[in-house]
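Participant: One structure, as structure tokens, below. Some questions next.
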Ligand SMILES: Cc1cc2nc3c(=O)[nH]c(=O)nc-3n(C[C@H](O)[C@H](O)[C@H](O)COP(=O)(O)OP(=O)(O)OC[C@H]3O[C@@H](n4cnc5c(N)ncnc54)[C@H](O)[C@@H]3O)c2cc1C
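In structure tokens, the structure reads:
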């Protein structure tokens, strides 16, 4: 079936596509604010100031990142083009290096995908910590963004509405879902893949495995202090659980014991002894 | 002289796609993969983003966007335009390899390589730190001056 492409406005285009691709998508037929195409990609690249990148990239609410991921994922912009532009415009330096280092993460995951193929969607290495998740559909509070934790719900809402989530928020959520909630990483990865405009088999599944420790030497986890620091306390300020009941409000040592039943030092040393099977 | 057509897929939605650039006058086609999408059920936002990107990438040349079985649609488009050679950019996706195999049973296919950030021919690295140590110097060396649209600035 041939699709039409000559619509006067974005709203008309969206309305047409909703019908033309009926049966091929989930959820409401509402486009994200991010517009596809090379012109929008170039505009974003031009707007991006790399000199703030090193100090703000991990900051979830300050947003010193480039927002280029959907364009990179779909090949609208090539990594090499972006690298060349950033070097030409800003020159070499700490921030430029940091940014290009992040671009290289994408190529890294792509190389792994080229070799492993669809095996990236299963555990690549044994988990380094005990786990007990089984595959099932995700709980409603995740799907509705009503966990009661502001730092999770805000990020989930942005994911569902705009198809984007900040990298640090992705790490927090992936850790929360796996380590605190005991859900199988593949269900989390599917949720992300469904909604992210930049949803990429390699970057997505392998990042989930990196957080979970099946493609890294230890699991990634975080605590409340980390959330406060990288959001200027904005989430906690509004969170009903901040004054009691926040599951992240503990030291890393305490969390290592609560979540994984081992000390931080044991985690560093590679967690579960090799050959020991997960509880799954 | 062979008559080329270009197959544009979702990993390469740029007007500077290597296959499009190699054949500026060739008709080109993009196909929404119906069986895949029926099963994956991505959000509408994603499909809209792809649609907008594909339209812009194909602007200014004979082109079609279609919905259907990718290999069948590409072959049909090729026939309709009297083509006998399909040009396409490489992708690491296993599905791409499958489609390439099916196409090759029917028509000559030429695969173009998009420019990588860095060259890498060894086995896939297991840890990023190891990879970065090996490629850092090359990664920080420019190979051009960026998107043509921004060169005048
Ligand atoms: C659980 C989890 C799932 C993820 N899933 C995806 C995904 O499906 N698709 C995707 O493109 N990225 C994914 N990422 C990586 C990262 O979160 C996004 O690339 C980044 O948030 C995109 O925002 P940006 O373009 O503003 O990033 P910037 O910080 O401006 O980075 C520039 C570009 O570098 C690349 N990049 C940066 N960090 C990473 C990274 N850690 N891994 C791979 N590439 C990176 C991206 O192409 C990005 O656009 C995931 C990370 C996690 C923790």
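Chains as they are written, first to last, in our numbering: chain A, 1 to 280; chain B, 281 to 433.
Glycine included, every Cβ here is placed at the ideal spot set by N, Cα and C.
#1: Please name the residue or residues paired with residue 141 (chain A) in a DSSP beta bridge.
#2: Of all Cβ atoms in chain A, is any one closer than 9 Å to the Cβ of residue 417 (chain B)?
#3: With a threshold of 9 Å between beta carbons, is residue 185 (chain A) in contact with chain B?
#4: With respect to 8 Å, is the separation between the Cβ of residue 410 (chain B) and the closest non-hydrogen atom of ligand 1 below this value?
#5: For residue 315 (chain B), count neighbouring C-beta atoms within 10 Å of its own C-beta (all shown protein chains included) and say buried if the count is 16 or more, exposed if not.
#6: Could you give the DSSP three-state label for residue 315 (chain B): helix, strand or coil?
#7: Looking at residue 179 (chain A) and ligand 1, is the gap between the Cβ and the nearest heavy atom below 8 Å?
#8: Using the C-alpha atoms, what's the distance from residue 308 (chain B) back to residue 149 (chain A)?
#9: Return yes when at least one heavy atom of ligand 1 lies under 8 Å from the C-beta of residue 345 (chain B), else no.
#10: In chain order, what residues of the same chain have a beta carbon less than 7 Å from the beta carbon of residue 197 (chain A), not counting five sequence neighbours either side?
#11: Per DSSP, which one or two residues make a beta bridge with residue 133 (chain A)?
#12: Would you mind sorting residue 225 (chain A) into buried or exposed? The rule is 16 or more other CB atoms within 10 Å of its CB.
#13: Need the endpoints of the alpha helix (DSSP H) that residue 380 (chain B) sits in, please.
#14: Using only alpha-carbon positions, find the residue among A:22, A:137, A:73, A:242 that is nearest to residue 110 (chain A).
#15: With a cut-off of 8 Å, do at least 3 Cβ pairs link the stretch 314 to 329 of chain B to the stretch 53 to 67 of chain A?
#16: Could one say the Cβ of residue 270 (chain A) lies closer than 9 Å to chain B's Cβ atoms, at least one of them?
#17: Checking contacts by CB at 9 Å: is residue 193 (chain A) closer than that to chain B?
#18: Just the Cα atoms here: how many angstroms apart are residue 104 (chain A) and residue 54 (chain A)?
#19: So is residue 204 (chain A) buried or exposed if we call it buried at 16+ other beta carbons inside 10 Å?
#20: Are any of the Cβ atoms in chain B nearer than 9 Å to that of residue 274 (chain A)?
#21: Taking contact to mean 3 or more Cβ pairs, one atom from each stretch, closer than 8 Å, check whether the stretch 376 to 390 of chain B and the stretch 346 to 359 of chain B are in contact.
#22: Tell me whether residue 1 (chain A) is buried or exposed, calling it buried when 16 or more other Cβ atoms sit within 10 Å of its Cβ.
#23: Among B:411, B:364, B:303, B:421, whose alpha-carbon lies nearest the alpha-carbon of residue 91 (chain A)?
#24: Among A:222, A:262, A:231, A:239, which has the Cα closest to the Cα of residue 251 (chain A)?
#25: Run down chain B in chain order and give the residues with a C-beta less than 9 Å from the C-beta of residue 173 (chain A).
#26: Could you tell me which chain A residues have their CB closer than 7 Å to the CB of residue 423 (chain B), listed as they occur along the chain?
#27: Just checking: is the beta-carbon of residue 328 (chain B) within a distance shorter than 9 Å of some beta-carbon in chain C?
Facilitator: Looking at the atomic coordinates:
#1: According to DSSP, residue 141 (chain A) bridges with nothing at all.
#2: No, because no Cβ of chain A sits closer than 9 Å to the Cβ of residue 417 (chain B).
#3: Closer than 9 Å: no.
#4: Judged by the Cβ position, residue 410 (chain B) fails to qualify as a neighbour of ligand 1 at the 8 Å threshold, every heavy atom of the ligand being at least this far.
#5: With fewer than 16 neighbouring CB atoms inside 10 Å of its own CB, residue 315 (chain B) falls in the exposed class.
#6: Residue state for residue 315 (chain B) is assigned as helix, using DSSP reduced to three classes.
#7: No.
#8: If I take the Cα positions, the gap works out to 48 Å.
#9: For residue 345 (chain B), the CB stays at least 8 Å from every heavy atom of ligand 1.
#10: Answer for residue 197 (chain A): 32, 34, 70, 163, 164, listed in chain order.
#11: Looking at the DSSP output, residue 133 (chain A) bridges to nothing.
#12: Its Cβ having fewer than 16 others within 10 Å, residue 225 (chain A) is exposed.
#13: According to the DSSP assignment, residue 380 (chain B) belongs to the alpha helix (DSSP H) that extends over 374 to 384.
#14: The candidate whose alpha carbon is nearest that of residue 110 (chain A) is A:73.
#15: These segments do not touch.
#16: In terms of beta-carbon proximity, residue 270 (chain A) stays away from the interface with chain B, with every pair separated by 9 Å or more.
#17: With respect to chain B, the C-beta atom of residue 193 (chain A) has a partner C-beta closer than 9 Å.
#18: Taken atom to atom, the span from the alpha-carbon of residue 104 (chain A) to that of residue 54 (chain A) is near 15 Å.
#19: The residue in question, residue 204 (chain A), is buried, as its Cβ has 16 or more Cβ neighbours within 10 Å.
#20: Bear in mind that the predicted position of residue 274 (chain A) carries a pLDDT of just 45, short of 50, making it too unreliable to give a figure here.
#21: Short answer: they touch.
#22: With fewer than 16 other Cβ atoms within 10 Å, it is exposed.
#23: Each of B:411, B:364, B:303, B:421 was checked against the Cα of residue 91 (chain A), and the nearest Cα belongs to B:421.
#24: Of the candidates A:222, A:262, A:231, A:239, A:222 places its Cα closest to the Cα of residue 251 (chain A).
#25: None at all; the shortest Cβ gap to chain B is about 17 Å.
#26: Ordered by position in chain A, the residues that pass the 7 Å Cβ test against residue 423 (chain B) are 80, 84.
#27: You won't find chain C in this structure, because its protein chains are A and B.
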